[in-house]
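**Student:** One structure coming up, written as structure tokens, with questions to follow.
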Amino acid sequence: MSLSALNCKFQALPGPLPMQRATVTREQWQAAPAAVDLGGGRLVSLWGSDRRGIDGGFAVSVAYAMAEGLVWLSLPLVETPAPVQPSYPDIARVFPAAGRMQRACRDLMGLVAEEAKDQRPWLRHGSWPEDYFPLRREYTGAESFAATPESYPFVMVEGDGVHEIAVGPVHAGIIEPGHFRFSVVGERVLRLEQHLGYKHKGIEKLFERTAPLEGHRLAGRVSGDTTVAFGWAYCMALESMAGCEISWRARWLRALLLERERVANHLGDLGALGNDAALGFGLAQFSRLKEDWLRLNRELFGHRFMMDRIVPGGVAIDLDVARGERIRGQCDVIEAEVRTLKEIYEEHGGLQDRFLTTGRVSPRLAGQLGLCGMAGRASAQASDLRMDFTWEPYAALQATMTSHRNGDVAARVTVRFEEIFESLRLIREIIARLPQGRTLVVLDALPANGVGAGWVEGWRGDVLVTLETEAGSIRRCHCHDPSWQNWPLLEHAVMDNIVPDFPLINKSFNLSYSGQDL
Amino acid sequence: MWTMFKQIVRTGLRTEATPPGNDDWRVERAEGERIHADILAILGRALTIREVDAGSCNGCELEINALNNPYYNIEGLGIKFVASPRHADMLLVTGPVSRHMVVALQRTYEAMPAPKLVVAVGDCGCTGGIFGESYASCGKVSNVIPVDVAVPGCPPPPLDLLSGILTAIRSQKQGGVGAGRTASKVP
Numbered sequence: 137m138s139l140s141a142l143n144c145k146f147q148a149l150p151g152p153l154p155m156q157r158a159t160v161t162r163e164q165w166q167a168a169p170a171a172v173d174l175g176g177g178r179l180v181s182l183w184g185s186d187r188r189g190i191d192g193g194f195a196v197s198v199a200y201a202m203a204e205g206l207v208w209l210s211l212p213l214v215e216t217p218a219p220v221q222p223s224y225p226d227i228a229r230v231f232p233a234a235g236r237m238q239r240a241c242r243d244l245m246g247l248v249a250e251e252a253k254d255q256r257p258w259l260r261h262g263s264w265p266e267d268y269f270p271l272r273r274e275y276t277g278a279e280s281f282a283a284t285p286e287s288y289p290f291v292m293v294e295g296d297g298v299h300e301i302a303v304g305p306v307h308a309g310i311i312e313p314g315h316f317r318f319s320v321v322g323e324r325v326l327r328l329e330q331h332l333g334y335k336h337k338g339i340e341k342l343f344e345r346t347a348p349l350e351g352h353r354l355a356g357r358v359s360g361d362t363t364v365a366f367g368w369a370y371c372m373a374l375e376s377m378a379g380c381e382i383s384w385r386a387r388w389l390r391a392l393l394l395e396r397e398r399v400a401n402h403l404g405d406l407g408a409l410g411n412d413a414a415l416g417f418g419l420a421q422f423s424r425l426k427e428d429w430l431r432l433n434r435e436l437f438g439h440r441f442m443m444d445r446i447v448p449g450g451v452a453i454d455l456d457v458a459r460g461e462r463i464r465g466q467c468d469v470i471e472a473e474v475r476t477l478k479e480i481y482e483e484h485g486g487l488q489d490r491f492l493t494t495g496r497v498s499p500r501l502a503g504q505l506g507l508c509g510m511a512g513r514a515s516a517q518a519s520d521l522r523m524d525f526t527w528e529p530y531a532a533l534q535a536t537m538t539s540h541r542n543g544d545v546a547a548r549v550t551v552r553f554e555e556i557f558e559s560l561r562l563i564r565e566i567i568a569r570l571p572q573g574r575t576l577v578v579l580d581a582l583p584a585n586g587v588g589a590g591w592v593e594g595w596r597g598d599v600l601v602t603l604e605t606e607a608g609s610i611r612r613c614h615c616h617d618p619s620w621q622n623w624p625l626l627e628h629a630v631m632d633n634i635v636p637d638f639p640l641i642n643k644s645f646n647l648s649y650s651g652q653d654l
Numbered sequence: 213m214w215t216m217f218k219q220i221v222r223t224g225l226r227t228e229a230t231p232p233g234n235d236d237w238r239v240e241r242a243e244g245e246r247i248h249a250d251i252l253a254i255l256g257r258a259l260t261i262r263e264v265d266a267g268s269c270n271g272c273e274l275e276i277n278a279l280n281n282p283y284y285n286i287e288g289l290g291i292k293f294v295a296s297p298r299h300a301d302m303l304l305v306t307g308p309v310s311r312h313m314v315v316a317l318q319r320t321y322e323a324m325p326a327p328k329l330v331v332a333v334g335d336c337g338c339t340g341g342i343f344g345e346s347y348a349s350c351g352k353v354s355n356v357i358p359v360d361v362a363v364p365g366c367p368p369p370p371l372d373l374l375s376g377i378l379t380a381i382r383s384q385k386q387g388g389v390g391a392g393r394t395a396s397k398v399p
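These protein sequence lines map, in sequence, to chains A and B. For any residue, its number in the working numbering is found by taking its place in the first sequence, counting from 1, and adding 136. For any residue, its number in the working numbering is found by taking its place in the second sequence, counting from 1, and adding 212.
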């Protein structure tokens, strides 16, 4: 399928990757999911906007990833007289991952997916009333309500010997909060149901009160372990809107930071995965390497996680030859260490016994439900924005994608190892071939009522930031983390596994709570 | 197996010296070597910490986790993260406290045995940080439960976290904290 089959007028959004936006009719909105699916495309995100001050009404938007690039469709909801909760055709029948996004869209903006199967609230837990829609323009977001905790209707599993294990929101470790409801027989998991949203802290509303040139700081705190990817995506969206082209040097340096973030997270998770399979040695070794990695970040870039180093118009860091050599030297050391550890992991029978066939997501299921990013690649979903499109610096670096078809914990471990090696190679190449030039250009003259999008392959998968302005201020900034797609797959991955393997399976995905709770 | 032993021997001991406490966080400077003895003197046993993420971006958790790596080796100091608040001497809380986490945080605090030490972590835990207070966020941790020591930073690096934890222990020794002060009202 090509975009032309959708028969809508696309506006190209400037940016390093191909991105297009169109305002669609209800019929086009309804036809799009099947057409995208048929063409091998996938759902990226769905969100609502209040455009009553811009062009008259509410709008619901969807972003699809297609061979042609990002396709952002916006459906104006202009029914008259305007209902309290305007509605739009459900797309979750074709793209099940849209289900939770549609529920969140109702909680925050009061837009309803017609005849959607699941009408339960998702991000609203009773801390604000059912008829308060924080993202609507009549509210400042500073409103405060007495909490009326609501019980969440979990799906009950019935049968002989079935019992429930309720876990969270406070988990037994140093991890983010969320609730998991296991239905088990003995130690076998029949069903897992997640209830997330505990960390919802009003980020998207806060953007309305954030100056466009400061928004990268807030975007960089959507999910702390993905701060580089979100910072870059936000800046890309702003630059896309302003039609601003950053220097080549800045682009390459952004890629350097992104790859350093990827390596840091994979190192941390590979250690934790060893630990969750009772190999404390793995945690000690990998956490040592991660610490070395973060310390060099702090030394060279001033921050262990490189927060706020990507700024509108470029980057707030630079490299000279000596610093470049430090990084190159560290890559050599880390690579040798990780190769040794990979061999140890692979030869450790007890570890492999826990990893292999555990938490399997078959390629077929991954495709049907839209598993994306690193976990998707471990289940044969060959998609990675760095390689899907021809864009610099990744094209010049000839970045290669790693994938696997087993879809189990072992496959995700393998993909992580391979991605570390590839990222180390990319980092060394970037240092060797870094273009000369400025690192920052001045970003001025934002259009009064503009739109922009930024799309970046973070370490978990593709993060998307979309931006809509009104009179030069942020009207709507939507931040999408790939965890939205992948959390529901974790529910499937754990089925028929034993309860003690849940932490291992969970860690092999390591999904973001904050990134999806917003 | 042989490769693993070789790697362990080759890696050697990487644990570094413990930092002193921090004057700005309300306590006299302390020598790292005395920490373990102090913990024993105050608590009569190792210090146990229950960590609660009450709404952070997860950045603070990355740094708290780093305390367990061989460089900081927090368990070597007799400090251990535990799974239940009923086993905990100290609550380490990252924020801002989302409204959805208020009840869970309060219940965790109530489940701890007295005297309770509470350390708020990060700019968001200290002041609400970039997120502040809103329909969804209660802001700083002390808006919800009493806090003894607040460690700033976005996120605070591991050494600052360690200093903050030690500051709270030393403050308790001086009788300054953990006395069960009442929480200010949830906004």
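All C-beta atoms, glycine included, are put in the ideal place defined by N, C-alpha and C.
Just to confirm my understanding: we take residue 538(A), look at its own chain, exclude 5 residues before and 5 after, and list those with CB closer than 7 Å. What are they?
**Tutor:** Exclusion of the five residues before and after residue 538(A) leaves 513, 551, 554, 555, 558 as the residues of its chain whose Cβ lies within less than 7 Å of its Cβ.
**Student:** If the criterion is Cβ atoms closer than 8 Å, does the pair residue 227(B) and residue 283(B) meet it?
**Tutor:** yes
**Student:** Taking just the CA atoms, how far does residue 217(A) sit from residue 150(A)?
**Tutor:** 36 Å
**Student:** With distance defined between alpha-carbon atoms, name the residue in 466(A), 406(A), 264(A), 518(A) nearest to residue 500(A).
**Tutor:** 518(A)
**Student:** Closest by CA to residue 289(B), which one among 250(B), 276(B), 266(B)?
**Tutor:** 250(B)
**Student:** Looking only at its chain, what residues have a beta carbon closer than 6 Å to the beta carbon of residue 349(A), apart from the 5 residues adjacent to it on each side?
**Tutor:** 448
**Student:** Name the residues in the segment 334-358 of chain A whose C-beta lies less than 8 Å from a C-beta of chain B; which are they?
**Tutor:** 334, 335, 336, 337, 338, 339, 341, 342, 353, 354, 357, 358
**Student:** With DSSP as the reference, label residue 247(A) as helix, strand or coil.
**Tutor:** coil
**Student:** If you draw a straight line from the C-alpha of residue 324(A) to the C-alpha of residue 634(A), how long is it?
**Tutor:** Answer to the nearest angstrom: the Cα atoms are 5 Å apart.
**Student:** Run through DSSP, which three-state label would residue 352(B) get?
**Tutor:** coil
**Student:** Which complete beta strand (DSSP E) runs does the segment 275-363 of chain B hold, if anything under 3 residues is left out?
**Tutor:** Whole beta strand (DSSP E) segments, 3+ residues: 291-293, 302-306, 329-333, 361-363.
**Student:** Relative to chain B, which residues along the segment 238-272 of chain A have a C-beta separation below 8 Å, given in chain order?
**Tutor:** 261, 263, 264, 268, 270
**Student:** So which residues of chain A does residue 273(B) contact, with C-beta pairs closer than 8 Å?
**Tutor:** 310, 311, 312, 360
**Student:** Quick one: does residue 452(A) have its CB under 8 Å from some CB of chain B?
**Tutor:** no
**Student:** Does DSSP put residue 517(A) in a helix, in a strand, or in coil?
**Tutor:** In the structure shown, residue 517(A) sits in coil (DSSP, three-state: anything other than H, G, I, E or B).
**Student:** In chain order, what residues of the same chain lie with their CB nearer than 6 Å to the CB of residue 607(A), ignoring the 5 residues before and after it?
**Tutor:** 584
**Student:** Assign residue 284(A) to buried or exposed, taking buried as 16 or more other Cβ atoms, counted over all protein chains shown, within 10 Å of its Cβ.
**Tutor:** exposed
**Student:** List, in chain order, every chain B residue whose beta-carbon is nearer than 7 Å to that of residue 440(A).
**Tutor:** Neighbours of residue 440(A) on chain B, chain order: 369.
**Student:** Residues of chain A with CB closer than 7 Å to the CB of residue 264(B), please, in chain order.
**Tutor:** 306
**Student:** Whose C-alpha, out of 233(A), 148(A), 220(A), is nearest the C-alpha of residue 268(A)?
**Tutor:** 220(A)
**Student:** Is it the case that the Cβ atoms of residue 316(B) and residue 313(A) are separated by a distance below 8 Å?
**Tutor:** yes
**Student:** Return helix, strand or coil for residue 269(B), following the three-state DSSP convention.
**Tutor:** Reduced to three states, the DSSP call for residue 269(B) is coil.
**Student:** Please state the DSSP three-state secondary structure of residue 370(A).
**Tutor:** In the three-state DSSP reduction, residue 370(A) falls in the helix class (H, G or I).
**Student:** With respect to the alpha helix (DSSP H) encompassing residue 639(A), which residues constitute its N-terminal and C-terminal limits?
**Tutor:** Unbroken alpha helix (DSSP H) run through residue 639(A): 638-645.
**Student:** Comparing alpha-carbon positions, which option in 475(A), 593(A), 306(A) lies nearest residue 391(A)?
**Tutor:** Closest by alpha carbon: 593(A).
**Student:** Please report how far the alpha carbon of residue 213(A) lies from the alpha carbon of residue 241(A), in whole angstroms.
**Tutor:** 14 Å
**Student:** Measure from the alpha carbon of residue 654(A) to the alpha carbon of each residue in 259(A), 515(A), 631(A), 401(A), then state which is nearest.
**Tutor:** 259(A)
**Student:** Whole angstroms are fine: how far does the CA of residue 377(B) sit from the CA of residue 301(B)?
**Tutor:** 11 Å
**Student:** Determine the burial state of residue 388(A): buried for a count of at least 16 other Cβ atoms within 10 Å of its Cβ, exposed for fewer.
**Tutor:** By the 10 Å Cβ count, residue 388(A) comes out buried.
**Student:** Considering Cα atoms alone, identify which of 432(A), 262(A), 474(A) is closest to residue 455(A).
**Tutor:** 432(A)
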